[in-house]
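Here is the structure we will look at, set down as C-alpha coordinates.
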Amino acid sequence: MSYQFTIIVPVYNEEDNLLRVEQELSAYAKTATKSTKILLVNDGSKDKSQELIETICNRSEAFEFISFKQNRGLSAAIKAGFDYTNTPLVGYIDSDLQTAPSDFNILLQHIGEYDLVTGVRSNRKDSFVKNMSSKIANGIRRSFTHDGMDDTGCPLKVIKTDYAKRIPMFKGLHRFLPAMILLQHGKIIQVPVQHFPRIAGEAKFGLWNRLLGPLVDCFAYMWMKKKYINYEIETRS
1 MSYQFTIIVP VYNEEDNLLR VEQELSAYAK TATKSTKILL VNDGSKDKSQ
51 ELIETICNRS EAFEFISFKQ NRGLSAAIKA GFDYTNTPLV GYIDSDLQTA
101 PSDFNILLQH IGEYDLVTGV RSNRKDSFVK NMSSKIANGI RRSFTHDGMD
151 DTGCPLKVIK TDYAKRIPMF KGLHRFLPAM ILLQHGKIIQ VPVQHFPRIA
201 GEAKFGLWNR LLGPLVDCFA YMWMKKKYIN YEIETRS
(Lines of atoms letter the chains of each structure in order from A and count residues from 1; the text may use other names and numbers.)
(Lines give C-alpha, C1' and ligand atoms only; values in the text may rest on other atoms or scores of the structure.)
Protein backbone atom coordinates (compact mmCIF):
# COMPACT_ATOMS: atom_id res chain seq x y z
CA MET A 1 0.00 0.00 0.00
CA SER A 2 1.10 3.57 -0.69
CA TYR A 3 0.80 5.39 2.62
CA GLN A 4 0.26 9.14 3.06
CA PHE A 5 0.47 9.48 6.83
CA THR A 6 2.76 7.97 9.48
CA ILE A 7 1.80 8.00 13.16
CA ILE A 8 4.79 7.83 15.50
CA VAL A 9 4.13 6.12 18.83
CA PRO A 10 6.98 6.52 21.35
CA VAL A 11 7.10 3.57 23.75
CA TYR A 12 8.90 3.35 27.07
CA ASN A 13 7.85 0.56 29.44
CA GLU A 14 4.27 0.46 28.17
CA GLU A 15 3.63 -3.29 28.09
CA ASP A 16 0.25 -2.80 29.76
CA ASN A 17 -0.90 -0.37 27.06
CA LEU A 18 0.46 -1.86 23.82
CA LEU A 19 -2.37 -4.23 22.98
CA ARG A 20 -4.79 -1.35 23.37
CA VAL A 21 -2.50 0.74 21.14
CA GLU A 22 -2.73 -1.99 18.51
CA GLN A 23 -6.51 -2.21 18.80
CA GLU A 24 -7.25 1.51 18.71
CA LEU A 25 -4.74 2.45 16.01
CA SER A 26 -5.81 -0.49 13.85
CA ALA A 27 -9.40 0.71 14.18
CA TYR A 28 -8.36 4.28 13.35
CA ALA A 29 -6.43 3.17 10.23
CA LYS A 30 -9.70 1.80 8.82
CA THR A 31 -11.43 5.18 9.18
CA ALA A 32 -8.48 7.51 8.57
CA THR A 33 -8.92 10.20 5.93
CA LYS A 34 -5.33 9.52 4.77
CA SER A 35 -3.86 6.05 4.23
CA THR A 36 -2.05 5.49 7.51
CA LYS A 37 0.77 3.39 8.91
CA ILE A 38 2.05 3.28 12.49
CA LEU A 39 5.70 3.48 13.57
CA LEU A 40 6.34 2.21 17.10
CA VAL A 41 9.57 3.64 18.54
CA ASN A 42 10.81 1.61 21.51
CA ASP A 43 12.86 4.00 23.63
CA GLY A 44 14.94 1.36 25.40
CA SER A 45 12.10 -0.24 27.37
CA LYS A 46 13.09 -2.58 30.21
CA ASP A 47 9.81 -4.50 30.34
CA LYS A 48 8.19 -6.75 27.70
CA SER A 49 7.34 -3.87 25.37
CA GLN A 50 9.73 -5.00 22.60
CA GLU A 51 8.31 -8.52 22.58
CA LEU A 52 4.79 -7.13 22.23
CA ILE A 53 5.87 -4.64 19.57
CA GLU A 54 7.34 -7.42 17.42
CA THR A 55 4.17 -9.48 17.82
CA ILE A 56 2.01 -6.52 16.79
CA CYS A 57 4.16 -5.77 13.74
CA ASN A 58 4.08 -9.42 12.66
CA ARG A 59 0.28 -9.35 12.83
CA SER A 60 -0.22 -6.23 10.70
CA GLU A 61 1.67 -4.76 7.77
CA ALA A 62 0.49 -1.29 8.82
CA PHE A 63 2.74 -1.45 11.92
CA GLU A 64 6.52 -0.97 11.86
CA PHE A 65 9.04 -0.47 14.66
CA ILE A 66 12.38 1.02 15.62
CA SER A 67 14.08 -0.10 18.84
CA PHE A 68 16.76 1.95 20.61
CA LYS A 69 19.73 0.25 22.28
CA GLN A 70 19.04 2.29 25.43
CA ASN A 71 16.61 4.88 26.74
CA ARG A 72 17.15 8.29 25.11
CA GLY A 73 13.97 10.18 25.98
CA LEU A 74 10.81 11.36 24.27
CA SER A 75 12.44 13.95 22.02
CA ALA A 76 14.91 11.36 20.70
CA ALA A 77 12.07 8.92 19.99
CA ILE A 78 10.14 11.57 18.09
CA LYS A 79 13.24 12.60 16.13
CA ALA A 80 13.91 8.97 15.15
CA GLY A 81 10.32 8.78 13.95
CA PHE A 82 10.80 11.91 11.85
CA ASP A 83 14.08 10.53 10.45
CA TYR A 84 12.54 7.22 9.39
CA THR A 85 9.23 8.56 8.09
CA ASN A 86 8.80 8.34 4.31
CA THR A 87 5.24 9.64 3.96
CA PRO A 88 4.23 13.25 3.14
CA LEU A 89 2.60 13.68 6.56
CA VAL A 90 3.73 12.60 10.00
CA GLY A 91 2.07 12.75 13.40
CA TYR A 92 2.51 11.33 16.83
CA ILE A 93 0.50 10.12 19.78
CA ASP A 94 1.57 8.87 23.20
CA SER A 95 1.25 5.17 23.91
CA ASP A 96 -0.79 5.87 27.05
CA LEU A 97 -3.65 6.85 24.68
CA GLN A 98 -4.86 9.74 26.82
CA THR A 99 -5.72 11.30 23.46
CA ALA A 100 -7.91 9.62 20.85
CA PRO A 101 -6.49 8.39 17.53
CA SER A 102 -9.83 9.26 15.90
CA ASP A 103 -9.04 12.95 16.53
CA PHE A 104 -6.24 12.73 13.96
CA ASN A 105 -8.99 13.15 11.36
CA ILE A 106 -9.86 16.53 12.92
CA LEU A 107 -6.23 17.65 12.71
CA LEU A 108 -5.88 16.37 9.15
CA GLN A 109 -8.72 18.64 8.05
CA HIS A 110 -6.39 21.62 8.57
CA ILE A 111 -3.04 20.29 7.35
CA GLY A 112 -3.52 21.49 3.78
CA GLU A 113 -3.40 25.16 4.75
CA TYR A 114 -1.10 24.71 7.76
CA ASP A 115 2.27 23.03 8.19
CA LEU A 116 1.71 21.89 11.78
CA VAL A 117 -1.61 21.20 13.49
CA THR A 118 -1.47 20.50 17.21
CA GLY A 119 -4.19 19.38 19.57
CA VAL A 120 -5.27 21.29 22.65
CA ARG A 121 -6.50 18.98 25.40
CA SER A 122 -9.97 20.13 26.40
CA ASN A 123 -11.36 19.08 29.80
CA ARG A 124 -8.06 17.50 30.80
CA LYS A 125 -8.42 14.41 32.97
CA ASP A 126 -5.12 14.82 34.84
CA SER A 127 -4.50 15.68 38.49
CA PHE A 128 -4.67 19.27 39.72
CA VAL A 129 -0.89 19.37 40.22
CA LYS A 130 -0.21 18.03 36.74
CA ASN A 131 -2.66 20.47 35.13
CA MET A 132 -1.27 23.48 37.00
CA SER A 133 2.38 22.60 36.34
CA SER A 134 1.56 22.16 32.67
CA LYS A 135 -0.23 25.51 32.57
CA ILE A 136 2.72 27.26 34.22
CA ALA A 137 5.22 25.55 31.90
CA ASN A 138 3.19 26.56 28.84
CA GLY A 139 3.10 30.14 30.08
CA ILE A 140 6.88 30.19 30.49
CA ARG A 141 7.39 28.74 27.02
CA ARG A 142 4.97 31.20 25.36
CA SER A 143 6.80 34.15 26.93
CA PHE A 144 10.00 33.00 25.21
CA THR A 145 8.67 31.72 21.87
CA HIS A 146 5.57 33.87 21.25
CA ASP A 147 4.12 30.92 19.35
CA GLY A 148 0.57 31.54 20.62
CA MET A 149 0.08 27.86 21.49
CA ASP A 150 -1.73 26.94 24.72
CA ASP A 151 -0.77 23.27 25.04
CA THR A 152 2.38 22.24 23.18
CA GLY A 153 2.64 19.20 25.45
CA CYS A 154 -0.47 17.71 23.87
CA PRO A 155 0.65 14.36 22.41
CA LEU A 156 -1.44 14.66 19.27
CA LYS A 157 0.10 16.50 16.33
CA VAL A 158 0.25 16.37 12.53
CA ILE A 159 3.15 17.92 10.62
CA LYS A 160 4.17 18.09 6.99
CA THR A 161 7.15 15.74 6.87
CA ASP A 162 9.39 18.14 4.95
CA TYR A 163 9.11 20.56 7.88
CA ALA A 164 9.50 17.86 10.53
CA LYS A 165 12.75 16.58 9.03
CA ARG A 166 14.28 20.07 9.13
CA ILE A 167 13.76 20.46 12.88
CA PRO A 168 17.16 20.35 14.66
CA MET A 169 16.04 18.29 17.63
CA PHE A 170 17.48 18.47 21.14
CA LYS A 171 16.29 17.01 24.44
CA GLY A 172 13.03 18.66 25.44
CA LEU A 173 12.29 19.99 21.96
CA HIS A 174 9.02 18.05 21.80
CA ARG A 175 7.62 21.05 23.72
CA PHE A 176 8.81 23.46 21.01
CA LEU A 177 7.64 21.86 17.77
CA PRO A 178 5.24 24.71 16.84
CA ALA A 179 7.96 27.29 17.52
CA MET A 180 10.42 25.35 15.36
CA ILE A 181 7.93 25.33 12.49
CA LEU A 182 7.60 29.11 12.85
CA LEU A 183 11.39 29.41 12.49
CA GLN A 184 10.91 27.79 9.07
CA HIS A 185 8.25 30.41 8.27
CA GLY A 186 5.61 27.68 8.41
CA LYS A 187 2.00 28.12 9.52
CA ILE A 188 0.64 26.54 12.70
CA ILE A 189 -2.76 26.12 14.31
CA GLN A 190 -4.17 24.50 17.46
CA VAL A 191 -7.40 22.51 17.50
CA PRO A 192 -9.34 21.18 20.54
CA VAL A 193 -9.15 17.40 21.03
CA GLN A 194 -10.45 14.90 23.56
CA HIS A 195 -8.52 13.87 26.65
CA PHE A 196 -8.85 10.79 28.86
CA PRO A 197 -7.38 9.50 32.14
CA ARG A 198 -4.37 7.20 31.95
CA ILE A 199 -5.69 3.63 32.27
CA ALA A 200 -2.42 1.70 32.65
CA GLY A 201 1.30 2.25 33.06
CA GLU A 202 3.02 5.18 34.74
CA ALA A 203 3.54 8.81 33.71
CA LYS A 204 7.12 9.49 32.61
CA PHE A 205 7.23 13.18 33.61
CA GLY A 206 6.97 14.49 37.16
CA LEU A 207 6.51 17.96 38.64
CA TRP A 208 10.24 18.73 38.55
CA ASN A 209 10.77 18.08 34.84
CA ARG A 210 7.46 19.71 33.91
CA LEU A 211 8.59 23.04 35.40
CA LEU A 212 12.39 23.22 35.51
CA GLY A 213 12.87 21.30 32.26
CA PRO A 214 10.81 23.70 30.10
CA LEU A 215 12.54 26.73 31.64
CA VAL A 216 16.01 25.38 30.85
CA ASP A 217 14.87 24.32 27.38
CA CYS A 218 13.60 27.85 26.69
CA PHE A 219 17.16 29.15 26.90
CA ALA A 220 18.31 26.39 24.55
CA TYR A 221 15.54 27.40 22.14
CA MET A 222 16.58 31.08 22.29
CA TRP A 223 20.16 30.12 21.45
CA MET A 224 18.98 27.96 18.56
CA LYS A 225 16.69 30.71 17.28
CA LYS A 226 19.68 33.05 16.93
CA LYS A 227 21.77 30.37 15.19
CA TYR A 228 19.05 28.74 13.10
CA ILE A 229 19.81 28.47 9.35
CA ASN A 230 16.82 28.87 7.07
CA TYR A 231 17.00 29.35 3.30
CA GLU A 232 14.97 28.88 0.13
CA ILE A 233 16.39 27.96 -3.27
CA GLU A 234 15.25 30.32 -6.00
CA THR A 235 17.01 28.68 -8.98
CA ARG A 236 19.52 25.91 -9.56
CA SER A 237 21.20 24.25 -12.50
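In full-length UniProt numbering, the protein residues as written are 1 to 237.
Where is the CB? At the ideal position from N, CA and C, for every residue including glycine.
Original post:
So does the segment 167–181 actually touch the segment 217–233, counting three or more Cβ pairs closer than 8 Å?
Top reply: yes
Original post:
Among 95, 25 and 3, which residue has its Cα nearest to the Cα of residue 42?
Top reply: 95
Original post:
With burial defined as no fewer than 16 other Cβ atoms inside 10 Å of the residue's Cβ, what is the status of residue 147: buried or exposed?
Top reply: buried
Subject >> Unbroken stretches of the beta strand (DSSP E), 3 residues or longer, contained in the segment 12–99 >> reply: 36–42, 63–67 and 89–93
Original post:
To the nearest angstrom, how far is it from the Cα of residue 38 to the Cα of residue 151?
Top reply: 24 Å
Subject >> Segment contact, 8 Å Cβ cut-off, at least three pairs: the segment 95–105 with the segment 70–77 >> reply: no
Original post:
Who are the Cβ neighbours of residue 84 in its own chain at under 7 Å, not counting the five residues just before and after it?
Top reply: 39 and 66
**OP:** Over the uninterrupted beta strand (DSSP E) stretch that includes residue 160, give me the two end residues.
**Re:** 156–160
Subject >> Boundaries of the alpha helix (DSSP H) in which residue 199 is found, first to last residue >> reply: Note, residue 199: premise wrong, no alpha helix (DSSP H); not H, not E.
Subject >> Cut-off 7 Å between Cβ atoms - residues of its own chain near residue 24, not counting five sequence neighbours on either side >> reply: 97 and 101
Original post:
Where does residue 10 sit, in a helix, a strand or coil, going by DSSP?
Top reply: strand
**OP:** Starting from the Cα of residue 11, find the closest Cα among 27, 4 and 51 and give me that residue.
**Re:** 51
Subject >> residue 188 beta carbon less than 7 Å from that of residue 90 >> reply: No, the pair does not count as a contact, with Cβ atoms beyond the cut-off.
**OP:** Look up residue 119 in the DSSP assignment and give the residues it is bridged to.
**Re:** 191
Original post:
For residue 5, which residues from the same chain have a beta carbon less than 6 Å from its beta carbon, with the 5 sequence-adjacent residues on both sides left out?
Top reply: 34, 36, 87 and 89
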